[in-house]
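Residue numbers 131 to 430, in the numbering used here, belong to the letters of the sequence shown in order.
C-beta atoms are modelled at their ideal positions from N, C-alpha and C, and glycine is treated no differently.
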Amino acid sequence: MITGKESVMQNAISKISENYIYDHEFPIYCDNMRLPNRSEIVSIIKDIQKVVFPAYFCGSEARGMDSKEFIEKTLITIYYQLKTQLELAHSLCKCTKVTKVFDSDRIDDICSEFINEIPNIQNKLIKDIIANFEGDPAATSKAEIILSYPGFYAIFVYRFAHELYKRNVPFIPRMMTEHAHSKTGIDINPGAEIGEYFFIDHGTGIVIGETTTIGNNVKIYQGVTLGALSPRKGQVLSGVKRHPTVEDNVTIYANSTILGGDTVIGENSVIGGNSFVTESVDKNSYVSIKAPELIIRTDD
C-alpha cells in the first residue's frame with residue numbers, strides 16, 4: 131500500500147523527470163555533461179592578479195625566484211588552467227544552443243593570444259589606477275586602489291574577460307564578470323568596449339550593457355545604467371547595437387540612466403545625477419534634471 135507521503139514523492143519524481151526530457155534547446159539532466167568550473171575560473175583571475183600586481187597578491191610565492199622566473203611559472207599555470215576551461219566550454223557547446231562559439235582547433239591559439247595580451251592589459255590597468263587616484267580625493271594611495279576599490283576590481287576582471295569575449299569564447303567571459311558582479315555589485319558585460327583611464331567611483335548598482343562603447347577618461351558614479359532602450363524583442367536584438375556610446379572625458383553622476391544604441395553622449399559632457407537620457411547629447415554639454423521642490427515641516 132502506497133502511503134500519502136510516498137504518493138506525493140512518486141508524483142514529484144514523475145513530473146520532474148518529464149521536465150528533464152521536455153523539448154528544450156538546452157539539457158536539464160545529463161549524467162556525463164562536463165562544465166566549466168567556477169572555482170577554477172576564479173583561480174585563473176587570482177593568478178592573473180598575482181602576475182599583474184605581484185607585490186599585492188602573490189604573498190610569499192615569489193620568494194626565492196627572480197621576477198622573470200616568477201612570471202614564467204605563473205603564466206604557464208594560467209595557460210593550462212585556461213586551456214582546460216576552454217576545452218570544457220567547447221564540450222558544453224555541443225549540448226547547448228550557443229550563438230557564438232570558437233573552433234576547437236583554436237584553443238591553444240586562444241590561450242597563447244590571451245597570454246600575449248596580459249602585458250597590454252596590465253598597461254591599461256595602470257592607467258585605470260591613475261584615473262582612480264586622480265579622480266578620488268578620498269584615495270590615500272594607488273596601493274589602496276589595487277587592494278580595496280570594488281570599481282577597480284570590476285574593471286580588472288572585465289578587461290581580461292573582454293579578451294576572451296572577442297575570441298567568441300562562450301560561458302567563461304560572463305562567468306568571470308558575474309563573479310566580479312557578485313563581489314562588487316557592478317555589472318559590466320564582457321562585450322562592452324571600454325577605453326583607457328576608466329574610473330568607477332563607489333560603484334554599487336552600475337550596469338554596463340554588452341554593446342556599450344565607452345571612450346577614454348570617463349568617470350561613472352554608483353547606480354548608473356548604460357542600458358538598452360527596449361529589450362522586449364529578446365534574441366532578435368542579439369548582435370545589434372542597443373546600448374549607448376559615451377565619448378571621451380565624460381562624467382556620469384549617481385543614479386543616471388542612459389538608454390539606447392543610437393544614444394551618444396558627446397565628449398567633455400557631464401550627466402547630472404538622477405538624469406534619464408534616451409537621446410544623444412552634444413559634446414561639451416551639461417545635462418541635469420530640474421531640482422525637486424524640498425518641503426520641510428517642523429512640529430512647532
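Which of the three DSSP states, helix, strand or coil, is assigned to residue 183? coil
With a threshold of 7 Å, establish whether the CB of residue 346 neighbours any heavy atom of the ligand SAH. The ligand SAH is absent from the structure shown, which contains no ligands of any kind.
Please work out which residues of its chain come closer than 6 Å, Cβ to Cβ, to residue 386, disregarding the five sequence neighbours upstream and downstream, and give them in chain order. 354, 401 and 405
I'd like to know if the segment 274 to 282 and the segment 138 to 145 are in contact, where contact means that at least 3 CB-CB pairs between them fall below 8 Å. no
Is residue 325 helix, strand or coil when you go by DSSP? coil
Separation of residue 217 from residue 297, as counted between CA atoms: 14 Å
Length of the line joining the Cα atoms of residue 205 and residue 360: 42 Å
Inside the segment 258 to 331 only - alpha helix (DSSP H) runs reaching at least 4 residues: Within the segment 258 to 331, the complete alpha helix (DSSP H) segments of 4 residues or longer fall at 272 to 278, 280 to 295 and 302 to 314, listed in chain order.
Counterpart residues of residue 357 in DSSP-defined beta bridges: 389
Simplified DSSP assignment, three categories, for residue 138: helix
Reference residue 210, options 187, 192 and 178, closest by Cα: 178
Compute the Euclidean distance between the alpha carbons of residue 233 and residue 241, then round it to the nearest angstrom. 13 Å
At least three beta-carbon pairs within less than 8 Å, the segment 255 to 269 to the segment 325 to 345: yes
Check residue 156 in the structure and name its three-state DSSP category. coil
Once you ignore the five residues that flank residue 304 on each side, which residues in its own chain have a CB closer than 7 Å to its CB? Around residue 304: 320.
Cutoff 7 Å; reference residue 264; Cβ partners in own chain excluding five residues on either side: none
Is residue 341 buried or exposed, if buried means 16 or more other CB atoms sit within 10 Å of its CB? Residue 341 is buried by the Cβ-count criterion.
Identify the continuous beta strand (DSSP E) that holds residue 350 and give its terminal residues. 349 to 351
Report buried or exposed for residue 416, applying the criterion of at least 16 other Cβ atoms within 10 angstroms of its Cβ. exposed
Nearest neighbour of residue 374, chosen from 424, 172, 358 and 151 [CA to CA]: 358
Taking C-beta to C-beta, are residue 302 and residue 317 nearer than 8 Å? no
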